[in-house]
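A.B. asks:
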Ligand SMILES: *Cc1c(COP(=O)(O)O)cnc(C)c1O
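Residue numbers (full-length UniProt numbering): 1 to 389.
1) Tell me whether the beta-carbon of residue 91 lies closer than 8 Å to the beta-carbon of residue 148.
2) Note the first and the last residue of the continuous alpha helix (DSSP H) segment covering residue 265.
3) Cα separation between residue 68 and residue 221?
4) Which residues does DSSP pair with residue 217 in a beta bridge?
5) From residue 369 to residue 325, what does the alpha carbon distance come to, in whole angstroms?
6) With DSSP run on the structure shown, which of helix, strand or coil describes residue 96?
7) Rounded to whole angstroms, what's the CA-CA distance from residue 313 to residue 131? Just pull it up for me.
8) What residues are listed by DSSP as bridge partners for residue 202?
9) Taking Cβ positions, are residue 341 and residue 22 nearer each other than 8 Å?
10) Among 388, 211, 348, 51, which one has its Cα closest to the Cα of residue 129?
11) Determine, using beta carbons only, whether residue 154 and residue 185 come nearer to each other than 8 Å.
12) Assuming residue 85 and residue 120 make a contact with CB atoms under 8 Å, what is their CB distance in whole Å?
13) Taking the C-alpha atoms as reference points, what is the distance between residue 225 and residue 262?
14) Pick out whichever of 74, 49, 165 has its Cα sitting closest to the Cα of residue 60.
15) Quick one: Cα of residue 328 to Cα of residue 362, how far?
16) Which residue marks the beginning of the alpha helix (DSSP H) containing residue 332, and which one marks its end?
17) Using a Cβ-based criterion (distance less than 7 Å to any ligand heavy atom), does residue 26 qualify as near ligand 1?
18) Using alpha carbons as the reference points, say which of 242, 208, 278 lies closest to residue 28.
19) Verify the contact flag: residue 204, CB atom, against every heavy atom of ligand 1, threshold strictly below 7 Å.
20) Can you give the Cα-Cα distance for residue 145 and residue 389, rounded to whole angstroms?
21) Thinking just about the alpha-carbon of each residue, which of 354, 334, 381 is nearest to the one in residue 307?
22) For a test of the three-state rule: what should DSSP assign to residue 151, helix, strand or coil?
23) Using only CA atoms, which one of 181, 309, 378 lies nearest to residue 336?
24) Relative to the alpha-carbon of residue 284, which residue among 256, 242, 257, 210 has its alpha-carbon at the smallest distance?
25) Below 6 Å CB to CB, which residues in the same chain sit around residue 315 once its five sequence neighbours on both sides are set aside?
26) Say the cut is 7 Å; is the CB of residue 296 nearer than that to a heavy atom of ligand 1?
27) So is residue 352 buried or exposed if we call it buried at 16+ other beta carbons inside 10 Å?
28) Return yes when at least one heavy atom of ligand 1 lies under 7 Å from the C-beta of residue 390, else no.
29) Distance check for residue 270 and residue 260, CA to CA, integer angstroms please.
30) Where residue 163 and residue 133 are concerned, what is the direct C-alpha to C-alpha distance, given to the nearest angstrom?
31) With DSSP as the reference, label residue 310 as helix, strand or coil.
32) Where does residue 22 fall in DSSP's three states?
33) Given 7 Å as the limit, tell me if residue 131 has its C-beta closer than that to any heavy atom belonging to ligand 1.
34) Does the stretch 33-40 come into contact with the stretch 185-194, if we say contact requires no fewer than three beta-carbon pairs (one atom in each stretch) closer than 8 Å?
35) Have a look at residue 304 and residue 375 and give me their C-alpha separation to the nearest angstrom.
36) I want to check one thing, is the minimum distance from the CB of residue 207 to the heavy atoms of ligand 1 below 7 Å?
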């Protein structure tokens, strides 16, 4: 026996008690009740028909949620960042220019990813509590003629939602593709890929989808597909959409192996899509809008200030709330966790020390959750204010 050769002895891995908080932060979000069963379904592998049935269901569901007729829709193994890296690396090559419309931390991630790929980056900024206008973006598109524009639809670091109407047309006029982060907006806010001329979009399953993190849906337009088929650069092997399209049987005639897809994640994504397609997008959008409107009304009645001044810029899935001076954001979130078992987050990037980030999305997009949150926020504020006296 080689046991005397073991340099590292077995650690003691013990179970600990854990009380799951109510997940009311900017993500991850609580699961659909049907998720537990979905996650315990059998392992499926590429040599059984059921595997391809599941992929077919997922692709049909993704065409619906992205609102695209494109055949090139699939899901990357990995969290939302995998989708981001896939969309950028498949559509913009080394030496080409990516114009990044930057207002939060996600566009900063796009900037880092693009630079590592040797892509030339140009950045245009908007105030962190506002969004971009077409008038602001057009001169930069005209001047730089970039290969693509990257923009975040819903920004969970600032609580803003970008208007998209007309943006695709504008980009195409200057020869640029339009790449969009919809991680925290899809399902919660209207998104119309084909209608808006979006060329590359990605999302994730742990925000408004109400599933586990770990699989990242992506969709590519006909224009994007043309670029992918004619490009003279190669993306990282793992993110190569051309190869993955074969694994996902996007065109209905290929069943090939690229890498092992995680079966529980496929079942989980399928479960999310089943729930969303049963509810339908218009009903889901209206539910998110109504619960957040109710939340904002309650907050304003209690004298809380919202970080985003213009109502039309406010993201229905994630709300940023400003606390009265003298209250520490981190201490405030700790209090909510300890006293109310509610998990919300402090600011990130441009909102550090400036706002709380509160998610009312997916299964949690209800008036009941909005009321629970508003009541808890008032209690916490009162507790801090009387302690400060
Ligand atoms: C959460 C989030 C991401 C990152 O997703 P991960 O799954 O953590 O990689 C990207 N963009 C936006 C807008 C997000 O809210």
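Every residue gets a Cβ at the ideal spot worked out from N, C-alpha and C, and that includes glycine.
C.D. replies: This is what the structure holds:
1) As a first step, residue 91 must be located in the chain shown, where it is residue number 91. As a first step, residue 148 must be located in the chain shown, where it is residue number 148. At a Cβ-Cβ threshold of 8 Å, residue 91 and residue 148 count as neighbours.
2) Indexing the chain shown from 1 puts residue 265 at position 265. Its alpha helix (DSSP H) spans residues 263-279.
3) As a first step, residue 68 is located in the chain shown; it is residue number 68 there, counting from the start. As a first step, residue 221 is located in the chain shown; it is residue number 221 there, counting from the start. In this structure, the alpha-carbon of residue 68 lies about 8 Å from that of residue 221.
4) Here residue 217 refers to the residue found at position 217 of the chain shown. Residue 217 is bridged to 75.
5) In the chain shown, the residue the question calls residue 369 occupies position 369. In the chain shown, the residue the question calls residue 325 occupies position 325. Rounded to whole angstroms, the gap between the alpha carbons of residue 369 and residue 325 is 26 Å.
6) As a working mapping, residue 96 is identified with position 96 in the chain shown. Secondary structure at residue 96: coil, using DSSP grouped into helix, strand and coil.
7) Numbered from its first residue, the chain shown carries residue 313 at position 313. Numbered from its first residue, the chain shown carries residue 131 at position 131. Those two C-alpha atoms are separated by around 7 Å.
8) In the chain shown, counting from the first residue as 1, residue 202 sits at position 202. Partner(s): 181, 218.
9) Translated into the one-based positions of the chain shown, residue 341 becomes position 341. Translated into the one-based positions of the chain shown, residue 22 becomes position 22. Going by C-beta atoms, residue 341 is nearer than 8 Å to residue 22.
10) As a position in the chain shown, residue 129 is number 129, starting the count at 1. With distances taken between Cα atoms, residue 129 lies closest to 348.
11) Stepping through the chain shown from its first residue, residue 154 is reached at position 154. Stepping through the chain shown from its first residue, residue 185 is reached at position 185. Using a Cβ distance threshold of 8 Å, residue 154 and residue 185 count as a contacting pair.
12) Taking the first residue of the chain shown as 1, we reach residue 85 at position 85. Taking the first residue of the chain shown as 1, we reach residue 120 at position 120. Actually they do not touch by this definition, with Cβ atoms about 17 Å apart.
13) Along the chain shown, one-based indexing puts residue 225 at 225. Along the chain shown, one-based indexing puts residue 262 at 262. When rounded, the distance between both Cα atoms is 26 Å.
14) As a position in the chain shown, residue 60 is number 60, starting the count at 1. If we check each option's Cα against that of residue 60, 74 comes out closest.
15) For the purposes of this step, residue 328 is taken as the residue at position 328 of the chain shown. For the purposes of this step, residue 362 is taken as the residue at position 362 of the chain shown. Roughly 29 Å separates the two Cα atoms.
16) On the chain shown, position 332 is the one that residue 332 refers to. First-last of the alpha helix (DSSP H) with residue 332: 329-340.
17) To locate residue 26, count along the chain shown from 1; it is residue 26. True, at least one ligand heavy atom lies under 7 Å from that Cβ.
18) Against the chain shown, residue 28 aligns to sequence position 28. Among 242, 208, 278, the Cα nearest to that of residue 28 belongs to 208.
19) The sequence position of residue 204 within the chain shown is 204, counting from 1. Placement of the Cβ of residue 204 at a distance of less than 7 Å from at least one heavy atom of ligand 1 is found.
20) Taking the first residue of the chain shown as position 1, residue 145 is located at position 145. Taking the first residue of the chain shown as position 1, residue 389 is located at position 389. Cα to Cα, residue 145 sits roughly 57 Å from residue 389.
21) As a first step, residue 307 is located in the chain shown; it is residue number 307 there, counting from the start. Checking every option, the nearest Cα to that of residue 307 belongs to 354.
22) Within the chain shown, numbered from 1, the residue matching residue 151 stands at position 151. Of the three classes helix, strand and coil, the one that applies to residue 151 here is strand, per DSSP.
23) Taking the chain shown and counting its residues from 1, one reaches residue 336 at position 336. Of 181, 309, 378, the residue nearest in Cα terms is 378.
24) Walking along the chain shown from the start, residue 284 turns up at place 284. Nearest option by C-alpha distance: 210.
25) In the chain shown, the residue the question calls residue 315 occupies position 315. Counting only Cβ-Cβ distances below 6 Å, and skipping sequence neighbours, we find 154, 159, 160, 161.
26) Taking the chain shown and counting its residues from 1, one reaches residue 296 at position 296. No - ligand 1 has no heavy atom lying nearer than 7 Å to the Cβ of residue 296.
27) In the chain shown, residue 352 corresponds to position 352, counting from 1. By the neighbour-count definition (other C-beta atoms within 10 Å, threshold 16), residue 352 is an exposed residue.
28) Here the chain covers residues 1 to 389 and nothing more, so residue 390 does not appear.
29) Position 260 of the chain shown holds residue 260. Position 270 of the chain shown holds residue 270. It is roughly 17 Å from the alpha-carbon of residue 260 to the alpha-carbon of residue 270.
30) The residue you call residue 163 lines up with position 163 of the chain shown. The residue you call residue 133 lines up with position 133 of the chain shown. One Cα belongs to residue 163, the other to residue 133, and the distance between them is close to 8 Å.
31) Indexing the chain shown from 1 puts residue 310 at position 310. Looking at residue 310 - three-state DSSP - the assignment turns out to be coil, as it is neither helix nor strand.
32) In the chain shown, residue 22 corresponds to position 22, counting from 1. Of the three classes helix, strand and coil, the one that applies to residue 22 here is strand, per DSSP.
33) Here the question's residue 131 lines up with position 131 in the chain shown. In this structure, residue 131 has its CB at a distance of at least 7 Å from all heavy atoms of ligand 1.
34) By the Cβ test, the stretch 33-40 is not in contact with the stretch 185-194, since fewer than three Cβ pairs between them sit closer than 8 Å.
35) As a first step, residue 304 must be located in the chain shown, where it is residue number 304. As a first step, residue 375 must be located in the chain shown, where it is residue number 375. The C-alpha of residue 304 lies about 12 Å from the C-alpha of residue 375.
36) To locate residue 207, count along the chain shown from 1; it is residue 207. Yes.
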